[in-house]
Every structure is written in C-alpha cells, then in structure tokens.
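Student:
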Amino acid sequence: MTAALKQATQLKIQVSVVKGPHAGQTFNLNKPALTIGRGPENDIVLVNDPLVSRIHARIELNNGEFDLINLSQKNGLSVQGEFVDKWRLVNDSTFQVGDSEIKFQFDFGQAVVSVQPQARANGHLTLAKPEVKNSSLQNTNVQTQVSVPVTQKPQTPPPASAVSVRSAGVEAPKVQNRMPGLHQQQAQQVGRPQQGFAQAGYAAPKHNAAAAAQAEAEKNKKIRFYAIVGIALVAFTFFIMSPNEKAKSKKAKAILKYEDEIQFNQNSKSEVELRKKREEDKKTKDSPQAQRAEENFIKGMRDFQLGNYARAQDFFQVVLNLIPDHALARRHLYLSKVRFDEIVQAKLMLGESYYQKHNFGMCQSMYQQVMDMLLTKSSDQKYKLAQQMAEKCQLASEGIR
16 MTAALKQATQ LKIQVSVVKG PHAGQTFNLN KPALTIGRGP ENDIVLVNDP
66 LVSRIHARIE LNNGEFDLIN LSQKNGLSVQ GEFVDKWRLV NDSTFQVGDS
116 EIKFQFDFGQ AVVSVQPQAR ANGHLTLAKP EVKNSSLQNT NVQTQVSVPV
166 TQKPQTPPPA SAVSVRSAGV EAPKVQNRMP GLHQQQAQQV GRPQQGFAQA
216 GYAAPKHNAA AAAQAEAEKN KKIRFYAIVG IALVAFTFFI MSPNEKAKSK
266 KAKAILKYED EIQFNQNSKS EVELRKKREE DKKTKDSPQA QRAEENFIKG
316 MRDFQLGNYA RAQDFFQVVL NLIPDHALAR RHLYLSKVRF DEIVQAKLML
366 GESYYQKHNF GMCQSMYQQV MDMLLTKSSD QKYKLAQQMA EKCQLASEGI
416 R
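This note's numbering applies: residue 16 is where the sequence shown begins, and numbers increase by one.
Now the structure itself:
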C-alpha cells in the first residue's frame, strides 16, 4: 500500500523599501507574481520616485525560486551596482529600482506529511512521523494541531465458521477502529514541526489558527480603543468641570456700536490733548509774533541763497528769538556760520598765496575783504591776522619791507 502525502503551502512575501523617497514602507503579499512601478495597478506602488517607470519590474515564482525581471526600457534595474534584465532572488536580497533600494524576503511555510500504512494492532492505527520542509522569513517552524475522527467501516456478516464458534460458546474478539486525533499548531507558539494527516477515505476538517489569532488581535485592538476613549472622556470631563479662574477674572466687555465707539474715542484723554495742541498751534501761527518770525525767516533764506551768510545769520537769529523751537531757522543758522567761516578761511589762504607771489595789490585786497567781513568781530583772531597782513602787503607794495 502506497504512502499518503499532504502538502500545505502558505506563501508570505515581504518587500521593504530601505532607501529612497518611500524609505520605511513595507508591503506584505502572498502572491506568486507581483509587479513594481509608479502606476496604481502595480502591487508595489512607488509613486514618489520619479525614476521609476509606470510598470518597472516583475517578480515571479518559478520552480520554488523567485526571478526578478526588468520591464522598463527607459529606466534600468540594478543589483549590487550592475544593471540586469533578469536576476535570481534569494531571501534577504536587495536590488535598486530608480532611487529606491528594495529588500526582498519570502517564506513558503510549506510542510509535507508522509503517512505510512501499517498493520492495525488491537484496532489502533500507528502513523509515521511527518517530514517537514519549511522555508521561513523569521526562521520559525510551524506546528498545527487538528483532531481527525476515524469513521468505522460497516462490518461484514460473520462467516459460517464464526457462527459455529459462537454457537459453541466462544465469542470472536470485537475489532474497534480507533485513531487518535492529529494536532497541528502554529510554529510561532510552540516551535514544533508541522504535523498533518491525510488518508484515503478520511476527510480532515480545516482549522485556521491564523484566523483565531487575527480575531484575538482584533479583540485586543477594540479593548485598547475603548480604554483610550474612556481616558479621553475622563480628561475632557475633568477639564470641563474644573473652575476657570481666567474666565472669572475677565469682566464682561461692553458691546459698542460704531457711532458709540467714535464718540468714545473723541472723548478720550489723548484725543482731547491732541485737539487742544492743534488749536494752540493754529492760534500761535495766526499771532503777530509768528508772522514776524515768518518774514525774517524768508529774508534769511533769500540772503542764504545769495551767499550773504553774515546777514542770513542775523535774520535766522531773530527768528529763533521769536520762536525758540523753530527747527528750520536753527538748522540754517548753523549752515550759515559754517559757510561764512569757510569763505573767511579761503580768503586768508588766497591772500597768503598772493603775498608769496609778490602780488601785493591782490594780497592787500584779500585781507581787506576779510576785515570787512569780520568788522563786527574786531576781537577775533582772524580779524587781527587780516589787519596785520594787509598793512604788511601795503608796505611791500610801496617798497618798504
């Protein structure tokens, strides 16, 4: 009698983006063929990578091994820095698609159970140990427990010899077909190899341990969600019930209409003071004193523009005597003094130059102009120097030195 075989395959593929615009993303698939590209029709979508084609590459499972195939003519596919059109992938292998570096991992989760038929002893069936073939992503073994009942076949009528034996008072031993249940559990829980049982004539019920684990995870998620919602409600209730001191300290702000606000602003202290100041300025501007100051300022500006800086100083000084805070008069008085001193200094230097060149007539004329400009300042050092040099130039022009 030939051996009975049972093969269970649970393909798991994990594709992780190590580098690039999608770094950190992970794709978990269980398909024997998948595509990579920028388009939404792909299994692995890299929409943020501009160097990835719409359908860039394809990964296929052939004879238990994965092949990486390049589908893009414009953008290449590289493995370990070399451009390839087709490459055999192994577990934990990496390859480059555009600017993205991708790590490929897979787990077949495959187990083959061999059941050797043996002679029944006392109604019990003895099973051979299963042979396990497992290629796991996380190097874990799979173990599943399934309880399989054995259906008893209808017994044939006893032969004549058996009837004769019964009639003689000897009963034939009853044969009871018993078969213990074969249990299969996940390798993540126990770490034992996967066991299964399949025999012609017996149908083993399917038990999905993964669904139970998923249901448990869903239950835990709901518990965590309700706990978070409860904490949030407690915090919100505490915040609402706590007394708000800032709200109590604030006084109710009166709601003013536009007309009331304008009236309020006009009656404010700053607005009243500003209005009084404008009225005082207007009265001051219309006073005879302000008009006299304005006339002298105009005369001073006319002499300043004509270069009569001495007379301009006199007019600007009159303006400051009438209105001490007249900014323009003060500024032009300072400029007039500066330019007047510059002219005096220039004439003194020019007279000295004429004296050195023995042009005593021009020398005397320059110094005489300085004396005329400083006529009201006879005690000034420049006036005394000009007077002394003018006499010296006069004597030199007469031949007496």
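Glycine included, every Cβ here is placed at the ideal spot set by N, Cα and C.
Would you call residue 249 buried or exposed, if buried means 16 or more other Cβ atoms sit within 10 Å of its Cβ?
Tutor: exposed
Student: Taking the alpha-carbon of residue 15 as reference, which of 47, 83, 116, 69 has the nearest alpha-carbon?
Tutor: Beyond the ends of the chain as shown, which are 16 and 416, falls residue 15; an answer cannot be given.
Student: If you draw a straight line from the C-alpha of residue 239 to the C-alpha of residue 41, how long is it?
Tutor: 24 Å
Student: Please list, in chain order, all residues of the same chain as residue 408 whose beta carbon is under 7 Å from its beta carbon, the five residues on each side excluded.
Tutor: 370, 375, 378, 379, 382, listed in sequence order.
Student: Pick from 57, 386, 287, 107: whose alpha carbon is nearest that of residue 29?
Tutor: Out of 57, 386, 287, 107, 107 has the C-alpha closest to the C-alpha of residue 29.
Student: Please give me, in chain order, every unbroken run of the alpha helix (DSSP H) with length at least 4 that falls completely inside the stretch 345 to 411.
Tutor: 375 to 388
Student: Around the C-beta of residue 122, are 16 or more other C-beta atoms found within 10 angstroms, so that it is buried, or is it exposed?
Tutor: So residue 122 counts as buried.
Student: At what residues does the alpha helix (DSSP H) containing residue 244 begin and finish?
Tutor: 224 to 256
Student: For residue 347, count neighbouring Cβ atoms within 10 angstroms of its own Cβ and tell me buried if that reaches 16, exposed if not.
Tutor: Under this definition residue 347 is a buried residue.
Student: State the Cα-Cα distance for the pair residue 292 and residue 300, rounded to the nearest angstrom.
Tutor: 12 Å
Student: Report the option in 118, 111, 253 whose CA atom is closest to the CA atom of residue 105.
Tutor: 118
Student: Using 10 angstroms around the beta-carbon of residue 256, count the other beta-carbons present and answer buried if the total reaches 16, otherwise exposed.
Tutor: exposed
Student: Can you list, in chain order, the residues of its chain whose CB lies under 6 Å from that of residue 69, leaving out five sequence neighbours each side?
Tutor: 52, 53, 54
Student: List the endpoints of the continuous alpha helix (DSSP H) containing residue 312.
Tutor: DSSP places residue 312 in the uninterrupted alpha helix (DSSP H) bounded by 303 to 321.
Student: Can you tell me whether DSSP reads residue 338 as helix, strand or coil?
Tutor: coil
Student: Which word fits residue 330, buried or exposed, when buried means at least 16 other C-beta atoms lie within 10 angstroms of its C-beta?
Tutor: Buried.
Student: Please name the residue in 352, 88, 288, 64 whose C-alpha comes closest to that of residue 332.
Tutor: 352
Student: Between the C-alpha atoms of residue 404 and residue 364, what's the straight-line distance to the nearest angstrom?
Tutor: Rounded to the nearest angstrom, the two C-alpha atoms are 11 Å apart.
Student: Quick check on this structure: which residue in 236, 243, 32, 237 has the alpha carbon closest to the alpha carbon of residue 60?
Tutor: 32
Student: For residue 64 versus residue 100, is the C-beta spacing smaller than 7 Å?
Tutor: no
Student: Taking 7 Å as the threshold (C-beta atoms), are residue 45 and residue 26 in contact?
Tutor: yes
Student: Got a sec? Which residues, its chain only, sit under 8 Å from residue 48 by beta carbon, not counting five neighbours each side?
Tutor: 73, 74, 75, 76
Student: For residue 105, report the span of its beta strand (DSSP E) as first-last.
Tutor: Note, residue 105: premise wrong, no beta strand (DSSP E); not H, not E.
Student: In whole angstroms, give me the CA-to-CA distance for residue 309 and residue 334.
Tutor: 7 Å
Student: Classify residue 244: buried if its beta carbon has 16 or more other beta carbons within 10 angstroms, exposed otherwise.
Tutor: Of the residues assessed, residue 244 falls on the exposed side of the cut-off, its CB having fewer than 16 other CB atoms within 10 angstroms.
Student: Name the DSSP bridge partner or partners of residue 50?
Tutor: 73
Student: Compute the Euclidean distance between the alpha carbons of residue 451 and residue 241, then round it to the nearest angstrom.
Tutor: Only positions 16 to 416 of the chain appear in the structure, and residue 451 is not among them; the question remains open.
Student: Contact defined as beta carbons within less than 8 Å: I believe residue 385 pairs with residue 397. What is the distance between those atoms, to the nearest angstrom?
Tutor: 7 Å
Student: Taking only three categories from DSSP, how would you classify residue 87?
Tutor: coil
Student: Where does residue 349 land, buried or exposed, given buried means 16+ other C-beta within 10 angstroms?
Tutor: exposed
Student: Near residue 324, which residues of its chain fall below 8 Å by C-beta distance, leaving aside the five closest residues on each side in sequence?
Tutor: 318, 351, 352, 354, 355, 358
Student: Among all the DSSP beta bridges, which residues are the ones paired with residue 117?
Tutor: Answer is 32, 110.
Student: Just to confirm the assignment, what range does the beta strand (DSSP E) spanning residue 94 have?
Tutor: 92 to 94
Student: Alpha carbon to alpha carbon, what distance is there between residue 336 and residue 387?
Tutor: When the Cα atoms are used, residue 387 and residue 336 turn out to be separated by approximately 26 Å.
Student: In terms of residues, what are the limits of the beta strand (DSSP E) holding residue 44?
Tutor: 41 to 44
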